[in-house]
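When we follow full-length UniProt numbering, the leftmost residue of the sequence shown carries the number 1, and every step to the right adds one.
Heads up, the thing below is written out as structure tokens.
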Amino acid sequence: MPEGITREWVKTAAENRDEDEKLFSMVRDAFRRKIDVGIHVPTYPQFRDMIGQFLDIIKDEKNCYEPYVLKEENAKILELEIIDEVAKQYREETGKMLEVRVCVGGPTDLYLQAFGATGYADAYHILALDIEDFIKQAFVAAKNFKIKVIALDEPSLGINDRIQFSDANIISALTVASTYARKQGADVEIHLHSPLKYKLVCETPINVIGFEYAATPSYLNLLDKKVLEDSNTYVRLGVSRTDISSLIGIINENYGVNVWKEKEYMQKIVTDLETSDVVKKRLETAYSVLGDRIKYASPDCGLAFWPDQELAFKLLENTAKGINEFNAEKKKQGE
């Protein structure tokens, strides 16, 4: 978050729309900086809760025909309307259409928050249809940018034992949520923390599996390249760590300090640990296993809990630089 701004304020401002100037300025500034530090396909800035942002709209009766059955015209992601002006400026300055990644809460994680561990397959299906509506409206909002990737955020798949649905139910829900975007020519990514359930995803229209490789390199061992090739599925690889508490722990141990008190050591996260060289080496290791199945690379899970924006943007810059250096080397080698 920008200094002095809370998530509660953003949530209230987005719902009440009584401080649009401040809200819009904050989102646009963050989006511009994402572009400026070298991100090729930036995600709209997500300052709101990933699940609540969508579930709050779905649970509001005035937005629905009946409980949880959303009216498509109400399935809007406000941030996409906000960033359109930045995309327009980008187009005017460069002559190119900006490609954007749109992150949407996945049906499984939305369901777990709304209904918990009970297994109502019909409600699960309805939430998948609601997500499809958000995706349809995202394409309507994309006037001055191109939606390159729709990312379904499903961190619970593969790590949460409260999920009561059969594999067939999960495949059905993910298929409903992803089909429209694939028909529009966009990639559909599923953002998992662990790729444990990746074979199940390979049976859906989703064509990119995202997982957190930087913090957990052993996840790479769970994937069979042939399974990915046979289903024409690709990977979004986390190549820089975002588990801030663990990174601070490493700095504390290395230097015998308390980073929270001696904050000048905080920079060492991006000057010593998560550097562009480290990012490049991670990519090289993964490429030796997965090769051209790697389609996207990025930081691991989001930067919401990082202590300040400057540090977060420096990590993004290091990540982009490491990826660019890797790409340049591969191009030189003719790969």
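Here a beta-carbon is modelled for each residue, glycine too, at the ideal position from N, C-alpha and C.
- Rounded to the nearest whole angstrom, the CA to CA distance from A114 to L55 is 8 Å.
- Take the alpha-carbon of M50 and the one of W9: they are about 15 Å apart.
- Counting along the chain, the unbroken beta strand (DSSP E) around G238 starts and ends at Y234 to S240.
- Straight through space, the alpha carbons of R236 and L273 are spaced by roughly 21 Å.
- Nearest in C-alpha terms to D122, of all of P307, F165, N252 and S245, is F165.
- Within the region 82-152, complete beta strand (DSSP E) segments of at least 3 residues are found at 98-105, given in chain order.
- Following the DSSP letters along the chain, one finds A297 inside the beta strand (DSSP E) bounded by residues I294 to P299.
- Nearest neighbour of S178 by Cα position, chosen from K321, S288, L127 and I323, turns out to be L127.
- Measuring C-alpha to C-alpha distances from Y44 to each of L110, A141, V279 and N207 identifies A141 as the nearest.
- If you look at G4, you'll find it isn't in any beta strand (DSSP E); DSSP assigns it neither H nor E.
- Within 10 angstroms of the beta-carbon of P217 lie fewer than 16 other beta-carbons, which makes it exposed.
- Counting only the Cα atoms, Q184 lies some 27 Å from A30.
- Taking C-beta atoms as the reference points, V149 and V41 count as a pair closer than 8 Å.
- Inter-segment contact for the region 290-309 and the region 240-249 is present: three or more beta-carbon pairs are separated by less than 8 Å.
- Residue range C64 to E66 is occupied by the beta strand (DSSP E) that includes Y65, with no alpha helix (DSSP H) assigned at that position.
- Contact between L311 and P299 does not hold, since their C-beta atoms are separated by about 12 Å, which reaches or exceeds 8 Å.
- With fewer than 16 other CB atoms across the displayed protein chains lying within 10 angstroms of its CB, K71 is exposed.
- Following the DSSP letters along the chain, one finds G210 inside the beta strand (DSSP E) bounded by residues V208 to F211.
- Here the region 261-268 does not lie against the region 224-234, with fewer than 3 beta-carbon pairs under 8 Å apart.
- Here K62 has no same chain residue with a Cβ atom under 7 Å from its own Cβ, once five neighbours each way along the sequence are excluded.
- Q53 counts as buried, since at least 16 other C-beta atoms from the protein chains shown sit within 10 angstroms of its C-beta.
- Its chain contains P107, Y111, F165, N169 and A173 as the residues whose beta carbon lies nearer than 7 Å to that of Y124, once the 5 sequence neighbours on both sides are disregarded; these appear in chain order.
- The residue among K331, Y234 and D161 with its C-alpha nearest the C-alpha of D109 is D161.
- Here D277 carries a helix assignment [DSSP, helix/strand/coil].
- Taking a C-beta distance under 8 Å as the contact criterion, Y219 and E229 do not qualify as a contact pair.
- Within the region 177-228, the beta strand (DSSP E) runs of at least 3 residues that lie entirely inside it are, in chain order, 187-191 and 208-211.
- In this structure, the straight-line span from the alpha carbon of K268 to that of I77 is close to 36 Å.
- Distance from the CA atom of T275 to the CA atom of G322, rounded to whole angstroms, is 8 Å.
- Collapsing the DSSP output to three states places V27 in a helix.
- Only residues of its own chain outside the window of five on either side were considered, and among them R28, F31 and R32 have a CB closer than 7 Å to the CB of V86, listed in chain order.
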